[in-house]
Amino acid sequence: MTANQFEDVIEQLGGFGPYQRRIFLLVSLFETPAAWAMLLPVFTGATPTWSCPLMMNYTYTNHDNENVTGDHHGNRTVDHHGNYSSGNMTYAETGACSSDGSICQSVQYSKDYTSVVSEWGLICNQDYVSDLITTVQMVGVLVGACITGQLADTFGRRKIFYIIYALLLGVGFASSFANSWQLYAACRFFVGGLIGGTMVVNFVLPMEFISPRWRTFCGCVGFWAVGVMTLPIFAYFIRDWRHLSMATSACGSLLLLTWWFVPESARWLIQKGRLEEARQIIRHIAKYNNKPVPDLTFLEQYVEEKEKKQTREEYSYIDLFRSPTTTKCTLIICYAWFVCSSTYYGLSLNVKNLSGSRYLNFFISGLVEIPALLLVLAINNRIGRRKTIFILLSIGGLSCFVILFIDLAGKLEELSVLVTVLAMLGKSGISGAWAASQIIAAELFPTLIRNIGVGACSMSARVGGIVAPQIVFLTKFGEPIPFILFGSFALVCAVLICLLPETLNKPLEDIVQDWSWRKSTRSQNGHVKANGTLPDRMDTQMDEIIVKDGLVVIDGTTQERRKLIHGNVNVENEEHKAETTAL
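Just so we're aligned, residue 4 is where the sequence shown starts under my numbering, counting upward by one.
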C-alpha cells in the first residue's frame, strides 16, 4: 500500500465529507479543556493583594488596581513583588518584604480570590515559585509529547487518546487537593505530560481521515481559542483556586461520551495489518457520506509491502543535518517554532501583569487569535508561506518592541491601556505565525523524514514553553523586559524566515533539492550521482568521498564506484577516472 493509494480512498470517501467533519468537530472539542488545563496557572498562580495587618496606613497595589490598607505610622505603597516605598519613615516593619526577602509574621490576603500564592505564602523570597510551577508543567508537556507519539503508534490513536485524556481530567481534579506547593508542582508536571499527549493525538487522529487539500484549513481551525476565552469566565465566577481546578476538570469529562462516535484511524489499522477492521470503518464512512465503497483490493498487498519496508534504511535526526542547506532550513524552522511557542505562552501568562481586569484581558487574548487564523487562511495560499509568516512575526515583534520605547519615555503608567493593546496585537500576530509555521514545516521536510522533522520542531516549541514562564518572571526586574525579549525573538525570526525556500504550490522534490543525498541526478565528467545508499562498511582503500549539499561525488575508478554504490548508478565516461569535484 502506498500513501497515494490511501489518499485516493479518502478522496473517494468525500475528502472532507459529513463523516470527516463530524470526527474533526468531536476531536477538536478536546482542545478547549486542554487549553483550560494548560493556562490554568494564570489564575491559580496569580498573586492577590496582601498586607501586614499591624501596619498603619499601609497600602499595597497590584496590577488589578486593588488597594489593601493596614496600620503603621506613615504612608507606604508596596508593589506586586512585596517591596514598599516610604515617604517620611525609615522604619522597616516586621513582615513587609525586607532586604533579605522575609515577610511579616502574619500576612493578610485580599478575599477577592484565592490562589496557590495565598495558600502557601509564595511571596517575597518565594515569589519565584508560582512561575516555577508553570515551568515544571511545561517540562511535563515536553515529556508527554515525546512519549505519547510512540504509544499512539503502538496501541492505536483512539485508545491512547481517550486514556490520556481521562487521566488528564483525573490528575487535574486531584491536584486541587494538594497540601503543599511541592506536591502541587508534581501534579502539574503530570498534567503537563498528559496535555502534551492529548495535543499530539488530537492533531493526528482527525488528519488521518481528511484529504490533504483540507488539512491546511483544519490545521488553522480549532477550539483552542474557545478554551482561552472561556477560562476567564470560569475564573471570574469561581474565585477559589481549588474549586476552579475541580470545575474545569469536571466540565471536560463530558467529552468522554464521544468515545462511541470517534473510530480508530483506518490508516493506523492498515499499518498494523488489521485489514478487516479498516474495511469496516471505510465502508461505514462511505455509507454515512452516501458515497460508493472504494476499491480496497490493494490492501491485500500490505503484508508484502510491510516486509519490504522493514529492509529499507531507517532515518534519524542526523538526516536533518546532512548538509549546510538542510542544516540551515532545520535550524530556522525549529527556531520559528521556539519563538512562536515561547512568545505565545509568555504573552498569555503575562496577562496577570497588565493593567485592567485580568479576566477581560485574558478573554481578549483568546479573541484576538481568531482574526489572526482567518488572516492565515486568507493570504497563506495567495502570497506564500514565507511572506505570511514574515508579516505576522513582524506584527507580533514590533507590537512587543514598541513597549520598550514607551518605557524609555517614562509613560508606562500613563499609557497602560496602549501597552495592553500592543500586547494583544502581539499575541494575535504570533498566533497566526505559529499556525503558518506548522504548515510550512509539514511541506518543507521530505516524506521520509517528515515525522522526524516535525518532531524536532515540536520539541523546540516545548522548550519555548518551558522558557516562557521564566521570561515572564523577569517582570520583577522591569515590566517591559519580557516584551523586549519576545519582540526581539520575533523580529530576528522574521528575517530568518526569508532564508527558507517557498513551498506554496511546489512539489516536494522541487522545493529543496538536497534534503537527502540519495537522489538520482545526471552525472558529468565521470562523477557518480547515485540513487541509492552507501554501505555500512566502507572499503578502506576507497578514494575520497565528498558529500556536499546532499550530493555524493566519488573519486575513484569505475569498478570502485560500482562496488561502493547500491541502487541506480549512472556513470558516464567509464574509462575516465573521476576527479574530485568541490561543489
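In this text, a Cβ means the ideal position worked out from N, Cα and C, and glycines have one as well.
{"Query": "Quick one: grab the DSSP three-state call for Y362.", "Result": "helix"}
{"Query": "Please look up how many angstroms separate the CB atoms of V466 and L145, rounded, as I've assumed it's under 8 angstroms.", "Result": "7 angstroms"}
{"Query": "Just to confirm before moving on: does the CB-CB distance between E346 and A444 stay below 7 angstroms?", "Result": "The amino acid occupying residue 346 in the given sequence is Thr; Glu does not appear at that position. Contact flag unset, no."}
{"Query": "Start and end of the alpha helix (DSSP H) containing Y168?", "Result": "160 to 177"}
{"Query": "Have a look at D11 and P483 and give me their C-alpha separation to the nearest angstrom.", "Result": "53 angstroms"}
{"Query": "Within this structure, are the beta carbons of N384 and T391 separated by less than 7 angstroms?", "Result": "no"}
{"Query": "Give me whichever residues DSSP pairs with Q111 in a beta bridge.", "Result": "S54"}
{"Query": "Per DSSP, what kind of secondary structure is A49 in: helix, strand or coil?", "Result": "coil"}
{"Query": "Grouping DSSP H, G and I as helix and E and B as strand, with all else coil, what is A438?", "Result": "helix"}
{"Query": "How long is the line joining the alpha carbons of K290 and G17, rounded to whole angstroms?", "Result": "11 angstroms"}
{"Query": "Got a sec? Which residues, its chain only, sit under 6 angstroms from L396 by beta carbon, not counting five neighbours each side?", "Result": "A436, A493, C496, A497"}
{"Query": "Spatial neighbours of S344 within its chain, please: C-beta separation below 6 angstroms, excluding the five flanking residues on both sides.", "Result": "A464, G467, G468"}
{"Query": "Mind pulling the alpha helix (DSSP H) runs of 4 or more residues that sit fully within the region 332 to 398?", "Result": "361 to 370, 372 to 386"}
{"Query": "Contact defined as beta carbons within less than 8 angstroms: I believe G143 pairs with V194. What is the distance between those atoms, to the nearest angstrom?", "Result": "7 angstroms"}
{"Query": "A269: buried (16+ other C-beta within 10 angstroms of its C-beta) or exposed?", "Result": "buried"}
{"Query": "May I ask you to report which of helix, strand or coil DSSP gives V224?", "Result": "coil"}
{"Query": "Pull up the CB-CB distance for R388 and I442, whole angstroms please, since I reckon it's below 8 angstroms.", "Result": "6 angstroms"}
{"Query": "Output the distance between the C-alpha atoms of R242 and S248, rounded to the nearest integer angstrom.", "Result": "11 angstroms"}
{"Query": "Taking the alpha carbon of L502 as the point to measure from, which residue in Q140, S402, L425, L334 has its own alpha carbon closest?", "Result": "L334"}
{"Query": "Whole angstroms are fine: how far does the CA of R286 sit from the CA of Y22?", "Result": "12 angstroms"}
{"Query": "Residues in its own chain within less than 6 angstroms of I367 by CB, not counting five upstream and five downstream?", "Result": "M427"}
{"Query": "Spatial neighbours of V457 within its chain, please: C-beta separation below 7 angstroms, excluding the five flanking residues on both sides.", "Result": "A444, A445, F448"}
{"Query": "What three-state label does DSSP hand K294 in the structure shown?", "Result": "coil"}
{"Query": "With three or more C-beta pairs closer than 8 angstroms as the rule, is the region 353 to 367 touching the region 36 to 53?", "Result": "yes"}
{"Query": "Going along the chain, which residues of its own chain have a beta-carbon closer than 7 angstroms to the beta-carbon of A181, five neighbours each way excluded?", "Result": "Y187, C190"}
{"Query": "Kindly indicate which three-state DSSP category K479 falls into: helix, strand or coil?", "Result": "helix"}
{"Query": "Where does the unbroken alpha helix (DSSP H) through E122 begin, and where does it stop?", "Result": "119 to 123"}
{"Query": "Taking C-alpha atoms, which residue in G147, L42, F476 lies nearest to F365?", "Result": "L42"}
{"Query": "Could you give the residue range of the alpha helix (DSSP H) that holds E34?", "Result": "34 to 42"}
{"Query": "For C254, report the span of its alpha helix (DSSP H) as first-last.", "Result": "244 to 255"}
{"Query": "Given that a residue counts as buried once 16 or more other Cβ atoms are within 10 Å of its Cβ, and exposed if not, what is N293?", "Result": "exposed"}
{"Query": "Give the C-beta separation of V204 and F164 to the nearest angstrom, bearing in mind that I take them to be a contact with Cβ-Cβ under 8 angstroms.", "Result": "4 angstroms"}
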